[in-house]
Amino acid sequence: MGHLDHAALGWLTPVLSYVMACIGAALGLRCTMRALGATGRSRRNWLITAASAIGTGIWTMHFVAMLGFSVSGTDIRYDVPLTIVSLLVAMIVVCAGVFAVGYSRDRARALFLGGLTTGLGVASMHYLGMAAVRLHGQVHYDPVLVGLSVLIAVVAATAALWAALNIKSPVAVTIASLIMGAAVSSMHYTGMFAVSVRVTPSGAALPGATAMQFIFPLAVGLGSYLFLTSAFVALSPSTGEREASASAQRPVENAVAL
Numbered sequence: 000m001g002h003l004d005h006a007a008l009g010w011l012t013p014v015l016s017y018v019m020a021c022i023g024a025a026l027g028l029r030c031t032m033r034a035l036g037a038t039g040r041s042r043r044n045w046l047i048t049a050a051s052a053i054g055t056g057i058w059t060m061h062f063v064a065m066l067g068f069s070v071s072g073t074d075i076r077y078d079v080p081l082t083i084v085s086l087l088v089a090m091i092v093v094c095a096g097v098f099a100v101g102y103s104r105d106r107a108r109a110l111f112l113g114g115l116t117t118g119l120g121v122a123s124m125h126y127l128g129m130a131a132v133r134l135h136g137q138v139h140y141d142p143v144l145v146g147l148s149v150l151i152a153v154v155a156a157t158a159a160l161w162a163a164l165n166i167k168s169p170v171a172v173t174i175a176s177l178i179m180g181a182a183v184s185s186m187h188y189t190g191m192f193a194v195s196v197r198v199t200p201s202g203a204a205l206p207g208a209t210a211m212q213f214i215f216p217l218a219v220g221l222g223s224y225l226f227l228t229s230a231f232v233a234l235s236p237s238t239g240e241r242e243a244s245a246s247a248q249r250p251v252e253n254a255v256a257l
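Numbering that gives the first Met the number 0 applies: residue 0 is where the sequence shown begins, and numbers increase by one.
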């Protein structure tokens with residue numbers, strides 16, 4: 000049985016992965032709030048941005064944390080196509096959940112279905128990511144901990160969508176994002192503690208790419224996307240600000256007309 004280390008690089012990967020989860024949650028909440036105050040194409044675009052932010056944040060959190068994952072007695076590689084599929088799954092299912100909340104008139108039903116769909120999608124992303132791991136040996140899972148990780152994912156997703164519907168103030172959004180980051184991180188490490196590996200020593204080369212060859216550059220790229228999108232959202236005027244600006248311009252236009 001190989002010894003598993005979930006923080007081979009010390010506290011760097013757990014802390015950084017938590018930060019990425021929080022940024023994705025905060026950006027997703029802000030974009031969803033903007034969407035609920037918009038209509039037509041603008042609402043759709045904000046919801047797509049929210050879904051991409053949350054999905055990217057969750058995926059980046061997972062694979063930044065995986066940079067610290069090691070197993071004694073074997074190297075680790077990642078199947079590139081399957082890893083990319085896990086990213087697409089994260090974005091698609093989060094998009095489905097966010098759109099359910101953004102367009103449904105029955106908010107309670109949308110919250111339940113959206114939270115369930117998104118949570119199962121997040122869990123699927125995690126275990127697809129784990130299925131992409133290549134090592135010398137066999138990976139086994141504790142079914143109880145796997146079930147617990149899925150439950151955490153569903154609860155966390157439902158809480159995130161509820162927060163998007165009910166939280167308005169920046170302070171509340173920040174607190175909700177910190178809680179969501181902790182929930183997503185808890186789901187990840189609960190799923191990782193479910194893992195055990197029976198190592199089969201071998202000198203054969205493993206297929207796939209190392210974490211530093213593939214995962215790290217992609218995580219950096221997606222992390223940059225989150226930061227740039229955060230800046231765009233921060234600088235973009237809200238619905239209330241646009242309405243206030245339009246109201247301020249009307250007296251001037253009326254005066255000019257007279």
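Ideal Cβ placement from N, Cα and C applies to all residues, glycine included.
Sub-9 Å separation of residue i and residue j beta-carbons
i, j, result
"residue 193", "residue 144", "yes"
"residue 162", "residue 179", "yes"
"residue 164", "residue 35", "yes"
"residue 99", "residue 56", "no"
"residue 78", "residue 131", "yes"
"residue 88", "residue 120", "yes"
"residue 76", "residue 220", "no"
"residue 155", "residue 185", "yes"
"residue 54", "residue 91", "yes"
"residue 115", "residue 153", "yes"
Local conformation of residue i per DSSP, three classes
i, result
"residue 20", "helix"
"residue 71", "coil"
"residue 8", "coil"
"residue 156", "helix"
"residue 110", "helix"
"residue 103", "coil"
"residue 195", "strand"
"residue 96", "helix"
"residue 36", "coil"
"residue 241", "With a pLDDT of only 48 at residue 241, under the threshold of 50, the placement of this residue in the model should not be trusted; the figure read from the coordinates follows. In this structure, residue 241 counts as helix in the three-state DSSP scheme."
"residue 2", "coil"
"residue 208", "strand"
"residue 190", "helix"
Contacting residues, own chain, Cβ-Cβ under 6 Å from residue i (five flanking each side not counted)
i, result
"residue 147", "189"
"residue 123", "88"
"residue 196", "1, 70, 136 and 138"
Anticipated Cβ contact below 8 Å, residue i with residue j, distance rounded
i, j, result
"residue 18", "residue 50", "Actually they do not touch by this definition, with Cβ atoms about 20 Å apart."
"residue 27", "residue 52", "4 Å"
"residue 81", "residue 127", "6 Å"
"residue 191", "residue 5", "5 Å"
7 Å CB neighbourhood of residue i in its chain, flanking five on each side removed
i, result
"residue 112", "99"
"residue 109", "99, 100 and 103"
"residue 29", "172 and 232"
"residue 222", "19 and 59"
"residue 22", "56, 225 and 229"
"residue 177", "21"
"residue 240", "Residue placement at residue 240 is poorly supported in this model, since its pLDDT is 45, which falls under 50; the coordinates still yield a value, given next. Excluding sequence neighbours, residue 240 sits near nothing in its chain."
Counted within 10 angstroms of its Cβ, other Cβ atoms place residue i as buried (16 or more) or exposed
i, result
"residue 58", "buried"
"residue 45", "buried"
"residue 172", "buried"
"residue 11", "exposed"
"residue 33", "buried"
"residue 31", "buried"
"residue 7", "exposed"
"residue 96", "buried"
"residue 117", "buried"
Close-in-space but distant-in-sequence residues of the same chain around residue i (CB under 8 Å, 5 per side omitted)
i, result
"residue 245", "With a pLDDT of 45 at residue 245, under the threshold of 50, the modelled position of this residue cannot be trusted; read the value that follows with caution. Answer for residue 245: no residue qualifies."
"residue 215", "66"
"residue 47", "94"
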